[in-house]
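This report refers to the structure that appears directly beneath it.
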Amino acid sequence: MAFPDRIERTVEIAQPPAKVWAALTTAEGLSAWFGQQATIDLRPGGSASMSFGGGHTADMRVERVEEPTVFGFTWHIYGLPESDPRRTYVEFTLEPVDKGTRLTVVESGFAQLPEDAYRTAYEGNTQGWASELGELVDYLDAAA
Amino acid sequence: MPQPDVEAIAEQVFVALADPSRRAILASLAAGGPATATDLAARLPITRQAVAKHLALLTEAGLLTAEPGERRRVRYRVRSAPMQVAQQFLAALARDWDDRLGALKGHLDRNAGAKEE
Chain R
1 MAFPDRIERT VEIAQPPAKV WAALTTAEGL SAWFGQQATI DLRPGGSASM
51 SFGGGHTADM RVERVEEPTV FGFTWHIYGL PESDPRRTYV EFTLEPVDKG
101 TRLTVVESGF AQLPEDAYRT AYEGNTQGWA SELGELVDYL DAAA
Chain Y
145 MPQPDVEAIA EQVFVALADP SRRAILASLA AGGPATATDL AARLPITRQA
195 VAKHLALLTE AGLLTAEPGE RRRVRYRVRS APMQVAQQFL AALARDWDDR
245 LGALKGHLDR NAGAKEE
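Chains R and Y, in that order, give the protein sequences.
Each residue of the first sequence is one higher than the one before, counting from 1 in my numbering.
Each residue of the second sequence is one higher than the one before, counting from 145 in my numbering.
Structure, rendered in structure tokens:
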């Protein structure tokens, strides 16, 4: 399937896992390489946020905290409306190796659709608000 | 429930957007709200016949909705659901973990050089 649901990358970093962990899970670390400013409440269910240039911010929800090996969070899919509930899951896995740390990041969930999206995306000629408003206009026109 | 075929939905959006006349029609509807074929033909450098052909194709693909009405006064509006699916595809392409991980590596290397422990 050509639609990418999952992005996976691995890099080796010449630093011990503890250093990499701090860069991933502290406000100071995140703001040094990821966002311009960051906040993080490091516990499952905790919230985190990052701001980028141009006023864009990303709100994250911390999901997994297993120091110093697994850090996971979900965040909004960039470009979808704020009200869209779909989120992708990002998980960092740290593995000690001879020269430092092997860091793997997996972001998944790009191909997900909400329960009713299939119907919503294909349903022909959805009436919805357009016709409701049309009826209201007709009603007011008739009354005038 | 059948497995949603996100790829097929995204493909329809990209096929629609590949044609400059259809892009112009979609952009005009997105910017100005629902409009009839006649409105669009007046607004865009496209003949009414060509506008009608593109509107039929876009409606068939589920990218537009024809509001009920008398034939020549039917107004078309953009349906956002398929666009949001295509947006997810673009979001995956735009994530750019390569640059981010490069920045992380650079940050940790600089840090190590600055204060050796």
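Built from N, CA and C at the ideal position, the CB exists for glycine as well.
Checklist entry - Given a limit of 8 Å on CB to CB distance, which residues of the region 12–23 of chain R reach chain Y? => result I13, A14, Q15, K19, V20 and A23
Checklist entry - In three-state DSSP terms, what is V159 of chain Y? => result Along the second sequence, read from residue 1 onward, the residue named residue 159 of chain Y stands at position 15. In this structure, V159 of chain Y counts as helix in the three-state DSSP scheme.
Item to check | First and last residue of the uninterrupted alpha helix (DSSP H) at T25 of chain R | outcome: Here residue 25 of chain R refers to the residue found at position 25 of the first sequence. That run of the alpha helix (DSSP H) goes P17 to T25.
Next on the checklist: Suppose the cutoff is 7 Å on Cβ atoms and the five residues either side in sequence are ignored; what does the same chain contact list for R219 of chain Y look like?
Outcome noted: Taking the second sequence and counting its residues from 1, one reaches residue 219 of chain Y at position 75. Within the same chain, R219 of chain Y has close Cβ partners P178, A179, T180, E211 and G213.
Next on the checklist: Could you tell me the alpha carbon to alpha carbon distance between H251 of chain Y and V229 of chain Y, rounded to whole angstroms?
Outcome noted: On the second sequence, position 107 is the one that residue 251 of chain Y refers to. On the second sequence, position 85 is the one that residue 229 of chain Y refers to. Taking the straight line joining both Cα atoms gives about 35 Å.
Checklist entry - Taking the C-alpha atoms as reference points, what is the distance between R167 of chain Y and R223 of chain Y? => result The residue you call residue 167 of chain Y lines up with position 23 of the second sequence. The residue you call residue 223 of chain Y lines up with position 79 of the second sequence. When rounded, the distance between both Cα atoms is 14 Å.
Item to check | Boundaries of the alpha helix (DSSP H) in which V229 of chain Y is found, first to last residue | outcome: Walking along the second sequence from the start, residue 229 of chain Y turns up at place 85. Taken as a continuous stretch (DSSP letters only), the alpha helix (DSSP H) holding V229 of chain Y covers S224 to A238.
Checklist entry - CB-CB under 8 Å to A32 of chain R, same chain, minus the five flanking residues each way: which ones, in chain order? => result What you label residue 32 of chain R is simply residue 32 of the first sequence in a count that begins at 1. Cβ within range, chain order: A23.
Checklist entry - D183 of chain Y by DSSP, collapsed to three states: which one? => result By one-based count along the second sequence, residue 183 of chain Y stands at place 39. Residue state, collapsed to three classes: helix.
Next on the checklist: Strictly below 9 Å CB to CB, what residues from chain Y border E107 of chain R?
Outcome noted: Here residue 107 of chain R corresponds to residue number 107 of the first sequence, with the count starting at 1. Under the 9 Å cutoff, chain Y gives A236, R239 and W241.
Item to check | Which residues DSSP lists as bridging R221 of chain Y, in chain order | outcome: By 1-based counting over the second sequence, the position of residue 221 of chain Y is 77. BP columns for R221 of chain Y point to Y:T209.
Item to check | Own chain partners of A194 of chain Y with C-beta closer than 7 Å, once the 5 adjacent residues on each side are dropped | outcome: Position 50 of the second sequence, counted from the start, is the residue given in the question as residue 194 of chain Y. Counting only Cβ-Cβ distances below 7 Å, and skipping sequence neighbours, we find S165.
Next on the checklist: If you follow the alpha helix (DSSP H) that I169 of chain Y is in, where does it begin and where does it stop?
Outcome noted: In the second sequence, counting from the first residue as 1, residue 169 of chain Y sits at position 25. For I169 of chain Y, the enclosing alpha helix (DSSP H) begins and ends at P164 to G176.
Checklist entry - Using the beta-carbon of each residue, which ones in chain Y are nearer than 7 Å to G54 of chain R? => result The residue given as residue 54 of chain R occupies position 54 in the first sequence. Correct list: empty, because the minimum Cβ distance to chain Y is about 14 Å.
Item to check | Close Cβ partners of T39 of chain R (< 7 Å) along its chain, the five nearest in sequence each way excluded | outcome: Sequence index remark: in the first sequence, residue 39 of chain R carries index 39 (1-based). Hits under 7 Å: A27, A48 and S49.
Checklist entry - So, helix, strand or coil for Q36 of chain R, using DSSP? => result Here residue 36 of chain R is taken as the residue at index 36 of the first sequence, counted from 1. Reduced to three states, the DSSP call for Q36 of chain R is coil.
Item to check | N-terminal and C-terminal residue of the beta strand (DSSP E) that L103 of chain R is part of | outcome: The residue you call residue 103 of chain R lines up with position 103 of the first sequence. Its beta strand (DSSP E) spans residues G100 to S108.
Checklist entry - What is the rounded straight-line gap between the Cα of E66 of chain R and the Cα of A174 of chain Y? => result Within the first sequence, the letter at position 66 stands for residue 66 of chain R. Within the second sequence, the letter at position 30 stands for residue 174 of chain Y. About 46 Å.
Item to check | Under 9 Å from the C-beta of L113 of chain R: neighbouring residues of chain Y | outcome: Counting from one through the first sequence, the residue named residue 113 of chain R turns up at place 113. The contacting residues are P148, V150, I153, V229 and Q232.
Next on the checklist: If I measure Cβ to Cβ from E123 of chain R and keep anything under 6 Å in the same chain, skipping five residues before and after, which residues do I get?
Outcome noted: Your numbering for residue 123 of chain R matches position 123 in the first sequence. Note that E123 of chain R scores 48 on pLDDT, short of 50, meaning its location in the model is unreliable; the coordinates nonetheless yield the value given after this. Correct list: empty, nothing qualifies.
Item to check | Closest residue to F158 of chain Y among Y:G246, Y:R192 and Y:L207 (Cα-Cα distance) | outcome: Translated into the one-based positions of the second sequence, residue 158 of chain Y becomes position 14. Nearest option by C-alpha distance: Y:L207.
Item to check | For D59 of chain R, three-class secondary structure by DSSP | outcome: Numbered from its first residue, the first sequence carries residue 59 of chain R at position 59. Strand, per DSSP.
Item to check | Bridge partner(s) assigned by DSSP for W75 of chain R | outcome: Taking the first sequence and counting its residues from 1, the one referred to as residue 75 of chain R is at position 75. R:M60 and R:T88.
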